[in-house]
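Take a look at the structure below.
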Amino acid sequence: ETVHHFLFDCPLYRRERWKMERQIGREAKNLQYLLGTKEGMQETILFVGDTGRLHRQFGDVHLHLPDDE
155 ETVHHFLFDC
165 PLYRRERWKM
175 ERQIGREAKN
185 LQYLLGTKEG
195 MQETILFVGD
205 TGRLHRQFGD
215 VHLHLPDDE
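With my numbering applied, the sequence shown corresponds to residues 155 to 223, in that order.
Right under this line is the structure:
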């Protein structure tokens, strides 16, 4: 499974992807935004947490969201 597939294509996470798209619009389809900006990283962490995909490896990633500055 590639990062691209997980974030943009995997049908198992359609609902979580829709939620992210509602939050950040077109930027939800922009890998550079998702992984290269603070706001994008926060939304990506929420997406990962909502999918539960990496829960075994990292626990609840929602707990690791950076504080707002």
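The C-beta atom is built at its ideal place from N, Cα and C for all residues, glycine as well.
What whole-angstrom Cβ distance do residue 204 and residue 155 have, given they're in contact under 8 Å?
Contact between residue 204 and residue 155 fails: their C-beta atoms lie close to 17 Å from each other, not under 8 Å.
Below 7 Å between beta carbons: does that hold for residue 116 and residue 197?
Shown here, the chain extends from 155 to 223; a query on residue 116 therefore has no answer.
Report all residues from its chain with a CB closer than 7 Å to the CB of residue 163; omit the five preceding and five following residues, and keep chain order.
Nothing listed; no residue qualifies.
I need the straight-line Cα distance from residue 161 to residue 202, nearest angstrom please.
So the alpha carbons of these two residues sit roughly 9 Å apart.
Endpoints, the alpha helix (DSSP H) within which residue 180 is located:
Secondary structure note for residue 180: it is in no alpha helix (DSSP H), with a DSSP letter that is neither H nor E.
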